[in-house]
Structures are given as structure tokens and as C-alpha cells.
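*Asks:* Here it is: the structure, laid out below.
Protein chains: 4
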Amino acid sequence: MNTPTNPSFDVAHLGHVEVYTDRFEESLDFFTRVYGLKISAQEGGSAYLRAWDDYEFHTLKLTEHHTTGVGHIGYRCASPEALERRVAAIEASDFEGLGWVEGDLGHGRAYRVADPFGHVFELYWESRRYEPDEDDRPALKNMASKFTAQGASPRRIDHLNLLAEDVAEFRRFMETCLGSRVTELIQLDSGRIGGCWFTVNNKSYDLACTEEHGKGQGRFHHVTYATDQREDILKAADIFLENGVHIETGPHKHAIQGTFFLYVWEPAGNRVELANAGARLITAPDWEPVVWTEAERKKGQAWGLKTIETFHTHGTPPVEE
Amino acid sequence: MNTPTNPSFDVAHLGHVEVYTDRFEESLDFFTRVYGLKISAQEGGSAYLRAWDDYEFHTLKLTEHHTTGVGHIGYRCASPEALERRVAAIEASDFEGLGWVEGDLGHGRAYRVADPFGHVFELYWESRRYEPDEDDRPALKNMASKFTAQGASPRRIDHLNLLAEDVAEFRRFMETCLGSRVTELIQLDSGRIGGCWFTVNNKSYDLACTEEHGKGQGRFHHVTYATDQREDILKAADIFLENGVHIETGPHKHAIQGTFFLYVWEPAGNRVELANAGARLITAPDWEPVVWTEAERKKGQAWGLKTIETFHTHGTPPVEE
Amino acid sequence: MNTPTNPSFDVAHLGHVEVYTDRFEESLDFFTRVYGLKISAQEGGSAYLRAWDDYEFHTLKLTEHHTTGVGHIGYRCASPEALERRVAAIEASDFEGLGWVEGDLGHGRAYRVADPFGHVFELYWESRRYEPDEDDRPALKNMASKFTAQGASPRRIDHLNLLAEDVAEFRRFMETCLGSRVTELIQLDSGRIGGCWFTVNNKSYDLACTEEHGKGQGRFHHVTYATDQREDILKAADIFLENGVHIETGPHKHAIQGTFFLYVWEPAGNRVELANAGARLITAPDWEPVVWTEAERKKGQAWGLKTIETFHTHGTPPVEE
Amino acid sequence: MNTPTNPSFDVAHLGHVEVYTDRFEESLDFFTRVYGLKISAQEGGSAYLRAWDDYEFHTLKLTEHHTTGVGHIGYRCASPEALERRVAAIEASDFEGLGWVEGDLGHGRAYRVADPFGHVFELYWESRRYEPDEDDRPALKNMASKFTAQGASPRRIDHLNLLAEDVAEFRRFMETCLGSRVTELIQLDSGRIGGCWFTVNNKSYDLACTEEHGKGQGRFHHVTYATDQREDILKAADIFLENGVHIETGPHKHAIQGTFFLYVWEPAGNRVELANAGARLITAPDWEPVVWTEAERKKGQAWGLKTIETFHTHGTPPVEE
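Each protein sequence line maps, in turn, to chains A, B, C and D.
Using my numbering, the letters of the first sequence correspond one by one to residues 92 to 412.
Using my numbering, the letters of the second sequence correspond one by one to residues 92 to 412.
Using my numbering, the letters of the third sequence correspond one by one to residues 92 to 412.
Using my numbering, the letters of the fourth sequence correspond one by one to residues 92 to 412.
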């Protein structure tokens, strides 16, 4: 029964998320000046952004679009061979392999696959390491770039959250195509899975999927960057407040995964989180998914905060209710 | 040239450290009441201790002994097959395989191997998961046990530090026998390696080795547990102060690895650290070791603190200078 | 119009609050083991408690009673002469002077006065300074006692909150009898004052009064101790959670006064807060009260948390709705 | 013997410090971009600066000068009458009253007095409250201006430190002229006072004086702003590091006053501190000065850090040794 006991290790980590915006300039201002990411490049309607300690050229690709939501999700593989093994596994599966793409400013060729709900994933090996110029060189050489303390200034990309009509089916996709492990999940009384948290490495999750309650296809719930300390998130709440950013809920601590969180909406409406997991890691190779019942979820978040209604309804792009 | 590019993943994580003490009762009082670990069991001259979120039965085995220092170091493998692969690799090497032992209260059979400097490592798969009784059951089911906020109360084991006369040779041992990766190192002007930081997973290090300047064999520098926040370490400093614990140096931030740290000596003289790495992880599969020169190390720690003299000389067991 | 421009300085600080409980042993266990106050003495149905850096013998007098709520509130005057001046002012007023009482284990004779809503205040000069015995002596001599890090372990008493049917009249009482200044208030559209925050010194408030919506007389809203850091409150939330304490709301940041807060109910039902004001002080001698309109209050707390319904209804002792 | 038992309350708080610099542009860049103060105005060779929650027009007057050090120190009185009483007390004393000056952009007329070591103090009542324009208006109306999170971004002015050849005589000056109270002091074995900490209100100190070991006259040791949290100071250490600011010592916790601290030198050489006192206040009207012996001081700072040599020798302006 220990399906996820022996993860493949072929996928090393979440690489980047492409986020669509129909208010590009405002979104870019938010992500850089307020949220505190840095621009590596801007080209072809996209800005390539990264947190100060992200080692790759970009972890957020912000792309001008007619609406909001997620463009694609990139995971970096552990080696060229690992990438080949993953592609083989996908092609042997019943999921929709989309073939190779050339990559972009941030990485080389990548193999794309769509989940049954319309989200596009890509796997790649060849990555462009971020090389800071003189102005962005950090004082300590083990950091990826200078800590500029601009805005909320998170350290690195953490995870994203997608919406799917059938979370169990989404889980099968993640296990089959990415070799992800499930660390926690919500088991609804109906037998359905209400939410599922995945990881490919020691982070307790790099992707979550929660049930789509609207009529949307391939919708996006949020993307999250990690701060070094919880206090950074309290400070960020003041920064968001002073900058007129819509704070949706938090700061508080999730019951699931125990993450300290704060959710805001960037100007175009995409939900963005800051999170801090403390020293929590999943190191056990035989970690059993923690299963939360519907009754347990009714207790709210860790310290009793009730989950705000929009958290269940708001996704991007917006849909008619 | 990227030797450590493709780690084996066969070893999942640092499991436990056996620490010797010739003042058992005082050491045990320190580790439980002041440092804040919990006792899983006490048997045969040893106390089995763990931090509140360590998933295994124990991560520190405190053993009564005629002197101080380290007994053995345990790493858990990723699967039974992974363990076999490691044993095969060790037996094919020129390092000193010591054969199988039966394990103890915390885990099943383990294969032991000694490094050239007298430290004993063991690899195991069968682990005893800690099962909290009613009193120790956490409010949130994704935690390994109740958070009791006793003393410094770190979350989980983090790493240990050993002393060796020849760090380069120690590095060869770690790469060959454990499949560890090097994340950072100190390159001395003499061509020797002054210190080397290793990991088997996404933690930036789980073991460090620094050069032995005394006449010791198989000596121990320190063991470290991780706190969720840096503020926990500031609070712990007050707890140590009020309990008459010798604070050696800190709190401050290491230049190497960027860890926020505090070093104390437990009553028998073993050095013990509390550390917080913030959100730092090594996710890059092709991470290149960060190399620090002697000149760079002369700048002291991250914010300028000079490394205290005892940090270079004090190890356990003590040796004649 | 600047009535409070020139405060009398005759009253030095909030001294203590007497809290009634009809579940004495459980309340005492909460306040000591979980909340982290220390017992100075227990006598005559009362426990005398203080936080580790409170300089007086007690700041919380927990008294066995047939119900819950507040017994009396003590403020210490700045000198014997200041006390006499205050008594003279009270006796010259239309408020209900109750005459002198002998004091208790914690202080000498005190002059009592009742506000129009049934809360009893006392003013005193002669105070018993807490003298730690050997076991409780702090490592640093400028602290009032040892920092034991027991439970939430706040540093000192901060403020209390009372309920009154007519906050404007309560304000007249505080200005007349204690010489308190108003630092912030809520001006309802109806012309009534919804809440009012008072101080006698540089703290931004030591007492708040909010409108009683029930049929109660002399009711109590909460008592609060201050932590050194906001992180202490996040940690306390976990301690409360693990100890089955009812967390009512928080942690979050108040819009009014900007205090970071967490509210819980002790076992008998009295509301207890932990708060952190950061470095905020009112040093301006001509501070003008900050006036919040009803519309402004509808925005919720600083980062958007809506005020929980029980916050408006729950007081002690309980009343029929 | 309780001389300071009954402080006059005539002086409300430390108002501002004038700091001289011979590298004006660099100092101004440091204080605004890196340290995080805001400019209220620039005129006549001076920049008027304040922290985001300082209610007055300025708390730091940075003035172009041929050397470094302190220009003058301003304290605001509690009322016009209080100011008159202070002036009368000074004129009745043997200290050097310098008469009235007109004030500057930040306040009205002020009475000046020199201490015997050449530092100039001024007392004033009429103050210019800072009025934020639209861009600087805070989201919460009880804050003095917007929290912009620029650089270290402390909340308010905290204290300053002066050097004097005879600290006992300096103490007589502070008690006589300002009505300050002594909260802590260092009693040297020689009978001299090594250092003395003063306050006029509930802050545990607003001015410290330590013994001048050089040949200087009227020298300056440092000026300090308060942060809301200790974590802000850890974050500031990284900001200073990345901006090439000389970190002299810290972060650590003072034994005296228990303040968490970090000392840096601004580009012209003046020492600047960030400090956090947690929830510590002196509310006792009969607080007895805490007396530290020379032996006690030899233990170093609270957690054992030895006081760095430059801390005893470096003052501004520099003097020949």
C-alpha cells in the first residue's frame, strides 16, 4: 500500500510557473516593487522574475495575456537521463504528451504534458543558472544574488496550487508523470479527495491541488514564495496594507502542512501567497500521506481561523458562478 | 568535473547521533529540560531522545561512557534495495566495512563502516517510527508529537560536525560510502581542505567535517538541532543563560551556509548547537560546491563576528594540547 | 479643547487586576503552566501572580468566586503626595468614593472608587516589591525574576478592558479620578463612543473600555500581558492549541493601537490576551486622541480580519442575552 | 537616598539629535536609503530626518560640518510651564545656561544649556508635528506616516550616548537640568562611575553616558533608533552587509538594559545603533538604579559576547590617542 514509498527522484524540483495577467504593468509593479522579486529579463510580452535566492534565471514568468491564470508549470529533472526516463513514462501513460518545445530565456528544450484539466506541465534538464552582474552580486558567495530587502522580498519559489474537478485523477497524473509523492490530503465524506499536496523532494509540498467548485478549466489557485522567517510575513502584511494590495486572509497557520501563510491578490486578480514552513521537511522515505477528514477540516486553520469563502471560489481566470 | 552532480539518493537522511557522556544524569537533564528533547526510552546505559517533530524513535542516543565524544552516526537509507546498494559500494571500496549489527531500540539491523579517522557510521532501512501515546499526541496530526515548548524545544535533528586530520580524505569517504554531495568547502592556501559540508538530500548540509588541530582520533565537534525560527534561538540564549549553560559563541549568522547559530557546551563538555537555515534548501541537482578561500574566511562570520578560539580547539573527547 | 494635554502624572501605572473564577484550580493551572505567570503567594482564596519582569509582588490576583469577572483594578500612584492629590480629586467629584482599605499581600492601604458601571478601582502608593529567592533570581540583575520560559511566558502586565453602557461617562470617570489620557477612541455614527483607550503614562494604553451590549453590570472584557516579540505570540498560539485552550481570535494586528494580539478564554471563561506593541509609545505630551469612525472600523483589523462576533458579546460574568 | 524617586515629569521625551558629518551626501544616503529614515526637509546645510512613526518633524538633524560628532541634543518639555520651570532650575544651578535660541524648521524657541564636557542640550515646548502629504499618509491613522520598509526602517528615535570625562558630574547635570532619573549604572572599583543610563519617562533609557578614555571634548558615542522586533535587527544586519556598511558589533543582547543591539558606523564614522527593548519599560516611580560592578561587567554582554575594543575607543569626532 506504500505506493509513494520509493519516489523516482527523477524530478529534482519545481522550476517555474508562468502566470498570465491582463494588467501586465500593474502586475509587474506588484511582483517587483511590492512582492520583491527581481527581473532577469523582459522579452516577448513576458517578464522573467526570480526571488533573490532562486538559483535559476527565473522562477516566475509573468506573461501578458487576455486573461489571468496559469500558463505552464516547469519542473527541473535531476539529470538528462532522468528527463528521458520521465518522458518515457509519460509517453507510456494515457496522459496527453504534448512533445518537445524549445524552451525560452530561462532553460533549454522541455517536454510538455497536459493534465486532464488543462494545466500544462513541462520537464527540462538544461537550465540557465542566474549569473548576477556586479550590482547584484551578494556579499556572501553562497547566495544566488544580493538581498535587497525590496518589498516582501521572499527567498525562493515554494509551491503552486491548481484547481481540478477530480483531485484523485489529478493525483494519478502527478504520480505517473512526475513521480511526485503525496504528503497530505483531504478525504471528503463523499469519498472524493478534496485536496492533495505533492512533493518531488524534501519540501513538504511543491504543488497542491484542490477541488474546482466553479465551471473553470485549467484554473489556477495561487503561487507561493517562501520567506526565511514568519516575522517576514507579518512585515509583508504591513507592506501590502500600505500599498493597497487586497489581503484575502492571514497571516495565520495552516492546519494542513503547518505552514504560516498570507494570501493576497495581485492587481490582475491572481492569488499570491507568502509562506514559511519553519524547519519542517519530509525526510522519511516511507512517509505515509496524512489524511484529513471533512470533520477535521471543519475546525478551521491551525489556530481556529475559518477558511474565508473566497478561498473556495476565487480562482483565475474568473468564471461565471 | 561535476562528480557530485548526480547523487545516489540511496541514503535518505541523517538518522541519529550517539553522543557519549561521562556525566550522564547532568547531560540528560540538559538535553531534556533545557535543550528540550523528549525521552522515548532509557535502556542499557543509553537514553533515546528525539525532538518533537522527529519522526523516528530517536535521533540522539545519549550513552554513559568513560569519556565524551561521538559513539556512532546513523543514516537511514531510502529503501531496502538502496541499503543493499550502499553496502555493496562500501564493500567494494577501500574503506573499513565493519559488517552488520543488530540495531537497537530505534531501528533494525544496520551496516557499519568506519571512516579513516575512527568515526563509526551505520546505514539502516528498518526504522521504528515514533508512536506518541495519548499524552504526547499532537493537536495537529501532521506533527510527530506534541509541541511542549520545553526549554529550547528545537523541531528536528539537523546535522553534526566531526573532526578529521585530512578533510579531503574524509570527503572521499562520504562520497564513496554514503553518496553524499559537497555543498560548500574551505580551500586553504596550503592546498588542504579546511572544512567541508555534506548533504544527502535537499538540506544544505547534514554533516560537516573540519580539520582536527589537536592530537585526537575520531573526535566530535558538535551536534545540531533545527529551530523553526531565528527568534527561537534568541529565546534559547536566555534559557541557556538562566540555566547556567556555557554559551560558547553566538547567536550570529555563519558566512558558510548562512545558518543562524548558537553554540553551547552540555554539562559533560560536548558542544551542541541550535541552528536555523531560514528557507534555504539545495534543490539544484547540479549544485557546484561553494569554495571559500582562507582570505574570505578571515572576514569572520556573516556579520563580522570573529570565530572564537575554542571553536578551533575544543572537541570531544578532550585531548592534550 | 486639549483636555488631556497635561496629564497629572499622579498615577504611575496599572498595578494589578483581580480576576474572579468559579473554576479556581483549572484557572490557576492555566495562568501558571500554560500562560506562564508565577505564583508569589496563595492565601484566602486568592493566588497572587505576576509575570517574570513585573516588579511588584503581584499583577494578577486570581480569586475563587461564585462567578467570573473582575474583582477590582489597582493603579499605583507616583508618590504618597500624588496619592493624596488623587483622593482629594475623587472626593471632590461626583464619583463614588469607597474609602480606604487595608490592602493585601501585595500592597499597603489603598483608596477605592467605583465607576458608574460597578467596576471597583483602587489607588495605592505602598507597594511590595517582588524579592526573588535563590531559585528565582535572574542571571541579569536588571530583571525582576528568572525567565523560566514556562508556557507563553509574557514579560509584564499590559492592560485590561472593561465593558460599560456609556463609554463617554466612563471616560469622564477615568479622566477625573485617575487623570488618565485618551489616546484613541471609536466615534459611532450615533454620537456615542463605541470604545475608548486610556493611559496614565507612555504606554499607548493601559485600559480600554468598550460598549456593553448585554444586560451586564460591571463586566469584564479581558486582561492582557505583553510579550517581548510578536513571534512569542505565534509560539503561544501553538502552546494554547496543544493545551486545549479555546483560541477566540488572532493572532492578528489591531487597527486601533496597532497591537499584535491573540485572545483566548481561560478555563472559567474569562478572556485573556497576549499582546505586543512593538516599539510603539506615546511620548507626545499633547497627543490628540485618534478618532475612528464607524465606517473605518468596518474595515476590520489592520490586515483585514473581521472582528469575531463573540468579541462583541462575550464578557464575564456571563449574562443572559 | 532615593533621589530620583520623584522625577519632575517636566521633560517629556528626547526630541532630536543633531549629528555632524564631513561626508554629507554619503551620510544622507546611508540614513535614508540604508538605515531607512525619511527626509522632512533639507535647508541650510542640514537634512531633517525622522523615523516613520516619529510624530515630530524631525528627530535627526544631519548637518554638514568640518568634522563628525554631535551638534546638539533636544528634549521636548511637557508643557510651556514645565519648560519655564526647567529654565528656572537651570538658571539657579551652576551649569552653563546658554540662553534662548529661535529654533529651526522642526520646533520653536528653545533654551540651551551646556554640560561641563561641551555637549549642548536644548529644551523646547513648541514643536512642529509632522504632517504627511498624500504620498506619505499611512493606511492606519494612528501612525505618524507610511511604513515604507525602506532599508532597516526603524520605528522611532530611541536614545543617544555621549562620552564624558566624569560621568558622576554628568549625572549631576542630567538630574539638575533635565530632571532625568538614573535607571542603571556601572560602579567602577576606583569609585568612579563607568557609565550611567538616564530616562525622563517610561523608557528604560533615552540617554547614556560612558567614560571618555580619549582626549576628546564633547564627544559622541552613538545615536539609536528602535525597531519593532528583534528580527528587524537581524534583517538589518543583512542590509548593512549588502550595502558595505561597517558592522562594528552585534547583533547581541546587552547585559545592561537587556537591549538587543547592532552597531554600525555611518560613512562619516559616527556610530549608529539599532535596538529593541522588547516590552521592557520602567514604570516603577521608585525604581532604584541597578548598579553593575566592574567584576560583573567583565562577563561581557548578556550571552557572553566580549565588548569589542573599538567600543571603548571610537567616538566622534576622532581624537588622537
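The C-beta atom is built at its ideal place from N, Cα and C for all residues, glycine as well.
If we count the other Cβ atoms within 10 Å of its Cβ and call it buried at 16 or more, is A:Thr384 buried or exposed?
*Replies:* Translated into the one-based positions of the first sequence, residue 384 of chain A becomes position 293. Exposed, by the Cβ-count rule.
*Asks:* Would you list the one or two residues that DSSP bridges to C:Asp195?
*Replies:* Against the third sequence, residue 195 of chain C aligns to sequence position 104. According to DSSP, C:Asp195 bridges with C:His198.
*Asks:* Would a C-beta distance cut-off of 9 Å place A:Pro408 and A:Tyr111 closer than the cut-off?
*Replies:* For the purposes of this step, residue 408 of chain A is identified with residue 317 of the first sequence, where counting begins at 1. For the purposes of this step, residue 111 of chain A is identified with residue 20 of the first sequence, where counting begins at 1. Result yes, Cβ atoms of A:Pro408 and A:Tyr111 sit closer than 9 Å.
*Asks:* Please check if any C-beta of chain A sits within less than 9 Å of the C-beta of C:Asp323.
*Replies:* Sequence index remark: in the third sequence, residue 323 of chain C carries index 232 (1-based). With 9 Å as the cut-off, C:Asp323 does not count as an interface residue toward chain A.
*Asks:* Tell me, to the nearest whole angstrom, how far the beta carbon of A:Arg167 is from that of A:Gly106; I am working on the premise that it is less than 8 Å.
*Replies:* Here residue 167 of chain A refers to the residue found at position 76 when the first sequence is read from its first residue. Here residue 106 of chain A refers to the residue found at position 15 when the first sequence is read from its first residue. Between A:Gly106 and A:Arg167 the Cβ distance is about 4 Å, and since that is below 8 Å, they are a contact.
*Asks:* Report the residue ranges of all beta strand (DSSP E) runs contained in full by the segment 307 to 337 of chain C; include only those spanning at least 3 residues, in chain order.
*Replies:* Runs of the beta strand (DSSP E) inside the segment 307 to 337 of chain C: 311 to 317.
*Asks:* Using the Cβ count rule (16 or more neighbours within 10 Å means buried), how would you classify A:Glu379?
*Replies:* Stepping through the first sequence from its first residue, residue 379 of chain A is reached at position 288. Exposed.
*Asks:* Where does D:Ile164 fall in DSSP's three states?
*Replies:* As a first step, residue 164 of chain D is located in the fourth sequence; it is residue number 73 there, counting from the start. The answer is strand: DSSP assigns D:Ile164 an E or B state.
*Asks:* Comparing the C-beta of D:Phe100 with each C-beta of chain C, is any distance below 9 Å?
*Replies:* On the fourth sequence, position 9 is the one that residue 100 of chain D refers to. Interface residue, yes.
*Asks:* I'd like to know whether the C-beta atoms of B:Leu269 and B:Arg141 end up nearer to each other than 9 Å.
*Replies:* For the purposes of this step, residue 269 of chain B is taken as residue 178 along the second sequence, with counting starting at 1. For the purposes of this step, residue 141 of chain B is taken as residue 50 along the second sequence, with counting starting at 1. Result no, Cβ atoms of B:Leu269 and B:Arg141 do not sit closer than 9 Å.
*Asks:* Return the residues of the segment 217 to 251 of chain D that lie within a Cβ-Cβ distance of less than 8 Å from chain A, sorted by chain order.
*Replies:* Answer in chain order: Pro229, Ala230, Leu231, Lys237, Phe238, Thr239, Ala240 and Gly242.
*Asks:* Can you check which of these residues, B:Leu254, B:Leu365, B:Ser218 and B:Phe261, is closest to B:His405 by C-alpha distance?
*Replies:* On the second sequence, residue 405 of chain B is found 314 positions in, with the first residue counted as 1. The candidate whose alpha carbon is nearest that of B:His405 is B:Leu254.
*Asks:* Do D:Thr315 and D:Leu231 have their beta-carbon atoms positioned less than 9 Å apart in this structure?
*Replies:* Here residue 231 of chain D is taken as the residue at index 140 of the fourth sequence, counted from 1. Here residue 315 of chain D is taken as the residue at index 224 of the fourth sequence, counted from 1. No, the pair does not count as a contact, with Cβ atoms beyond the cut-off.
*Asks:* Would you say A:Thr94 lies against chain C (beta-carbon separation less than 9 Å)?
*Replies:* The sequence position of residue 94 of chain A within the first sequence is 3, counting from 1. Here A:Thr94 scores only 36 on pLDDT, less than 50, and its place in the model should not be relied on; the value that follows carries that caveat. So, not an interface residue.
*Asks:* Tell whether a beta-carbon distance below 9 Å holds between B:Arg272 and A:Asp144.
*Replies:* Start at 1 with the first residue of the second sequence, and residue 272 of chain B comes out as number 181. Start at 1 with the first residue of the first sequence, and residue 144 of chain A comes out as number 53. Cβ atoms of B:Arg272 and A:Asp144: not closer than 9 Å.
*Asks:* Mind pulling the alpha helix (DSSP H) runs of 4 or more residues that sit fully within the segment 349 to 400 of chain D?
*Replies:* You should have 385 to 388.
*Asks:* Using the beta-carbon of each residue, which ones in chain C are nearer than 7 Å to A:Ile338?
*Replies:* For the purposes of this step, residue 338 of chain A is identified with residue 247 of the first sequence, where counting begins at 1. Under the 7 Å cutoff, chain C gives Trp394 and Gly395.
*Asks:* Roughly how far, in whole angstroms, is the beta-carbon of B:Leu365 from the beta-carbon of B:Ile324, given that I think they are within contact range, below 8 Å?
*Replies:* Taking the first residue of the second sequence as 1, we reach residue 365 of chain B at position 274. Taking the first residue of the second sequence as 1, we reach residue 324 of chain B at position 233. Right, their Cβ atoms sit about 5 Å apart.
*Asks:* For C:Val410 and C:Lys306, what's the separation of their Cα atoms in angstroms?
*Replies:* The count along the third sequence starts at 1 and reaches residue 410 of chain C at position 319. The count along the third sequence starts at 1 and reaches residue 306 of chain C at position 215. Approximately 6 Å between the Cα atoms of the pair.
*Asks:* According to a CB-to-CB cut-off of less than 7 Å, which residues of the segment 310 to 321 of chain C neighbour chain D?
*Replies:* Against chain D - using a Cβ distance shorter than 7 Å - the residues of the segment 310 to 321 of chain C are Ala317, Thr318, Asp319, Gln320 and Arg321.
*Asks:* Using a Cβ-Cβ cut-off of 9 Å, state whether B:Leu332 counts as contacting chain C.
*Replies:* In the second sequence, counting from the first residue as 1, residue 332 of chain B sits at position 241. Output row for B:Leu332: interface = yes.
*Asks:* Starting from A:Leu105, follow the beta strand (DSSP E) in both directions and report where the run begins and ends.
*Replies:* Position 14 of the first sequence holds residue 105 of chain A. Segment Val102 to Thr112, the beta strand (DSSP E) holding A:Leu105.
*Asks:* Could you run through the segment 117 to 135 of chain B and flag, in chain order, every residue whose CB is less than 8 Å away from some CB of chain C?
*Replies:* Under the 8 Å Cβ criterion, the segment 117 to 135 of chain B contributes no residue.
*Asks:* Look up B:His343 in the DSSP assignment and give the residues it is bridged to.
*Replies:* To locate residue 343 of chain B, count along the second sequence from 1; it is residue 252. Answer by DSSP bridge pairing, in chain order: B:Phe352.
*Asks:* Indicate the three-state DSSP secondary structure (helix, strand or coil) for C:Val178 in the structure shown.
*Replies:* In the third sequence, counting from the first residue as 1, residue 178 of chain C sits at position 87. Looking at C:Val178 - three-state DSSP - the assignment turns out to be helix.
*Asks:* Helix or strand or just coil, what does DSSP make of D:Phe148?
*Replies:* Working through the fourth sequence from its first residue, we reach residue 148 of chain D at position 57. Here D:Phe148 sits in coil by DSSP.
*Asks:* What span of residues does the beta strand (DSSP E) with B:Ser118 cover, start to end?
*Replies:* Translated into positions along the second sequence, residue 118 of chain B becomes position 27. Taken as a continuous stretch (DSSP letters only), B:Ser118 belongs to no beta strand (DSSP E), being part of the alpha helix (DSSP H) at Phe115 to Asp120.
*Asks:* Which residue's Cα is closest to the Cα of B:Arg388: B:His210, B:Gly285, B:Ser184 and B:Glu256?
*Replies:* On the second sequence, residue 388 of chain B is found 297 positions in, with the first residue counted as 1. B:Arg388 has its Cα closest to that of B:Gly285, out of B:His210, B:Gly285, B:Ser184 and B:Glu256.
*Asks:* Counting only the same chain and skipping the five closest in sequence on each side, list residues whose C-beta sits under 7 Å from that of D:Thr374.
*Replies:* Walking along the fourth sequence from the start, residue 374 of chain D turns up at place 283. Excluding residues within five positions, the ones whose Cβ falls inside 7 Å are Asn293.
*Asks:* Pick from A:His198, A:Asp113, A:Leu151 and A:Glu175: whose alpha carbon is nearest that of A:Thr158?
*Replies:* Start at 1 with the first residue of the first sequence, and residue 158 of chain A comes out as number 67. Nearest option by C-alpha distance: A:Asp113.
*Asks:* For C:Lys418, count neighbouring Cβ atoms within 10 angstroms of its own Cβ and tell me buried if that reaches 16, exposed if not.
*Replies:* Coverage of chain C is limited to positions 92 through 412, which leaves residue 418 of chain C absent and any answer about it impossible.
*Asks:* Using beta carbons (cut-off 9 Å, strictly below), is C:Leu353 in contact with chain A?
*Replies:* To locate residue 353 of chain C, count along the third sequence from 1; it is residue 262. Taking Cβ atoms only, chain A reaches closer than 9 Å to C:Leu353, which makes this a yes.
*Asks:* Between which two residues does the beta strand (DSSP E) containing B:Arg246 stretch?
*Replies:* Your numbering for residue 246 of chain B matches position 155 in the second sequence. Per DSSP, B:Arg246 belongs to no beta strand (DSSP E) and is neither H nor E.
*Asks:* Could you work out which residue in C:Gly282, C:His304, C:Gln348 and C:Ser281 is closest to C:Leu298 when comparing CA atoms only?
*Replies:* As a position in the third sequence, residue 298 of chain C is number 207, starting the count at 1. Nearest of C:Gly282, C:His304, C:Gln348 and C:Ser281 to C:Leu298, Cα basis: C:Gln348.
*Asks:* Could you give the C-beta distance for A:Val125 and A:Val336, rounded to a whole number, given that I count them as a contact under 8 Å?
*Replies:* For the purposes of this step, residue 125 of chain A is taken as residue 34 along the first sequence, with counting starting at 1. For the purposes of this step, residue 336 of chain A is taken as residue 245 along the first sequence, with counting starting at 1. Confirmed, Cβ separation roughly 6 Å.
*Asks:* Any beta-carbon of chain E closer than 9 Å to the one on D:Leu140?
*Replies:* The chain inventory of the structure shown lacks chain E, comprising the protein chains A, B, C and D.
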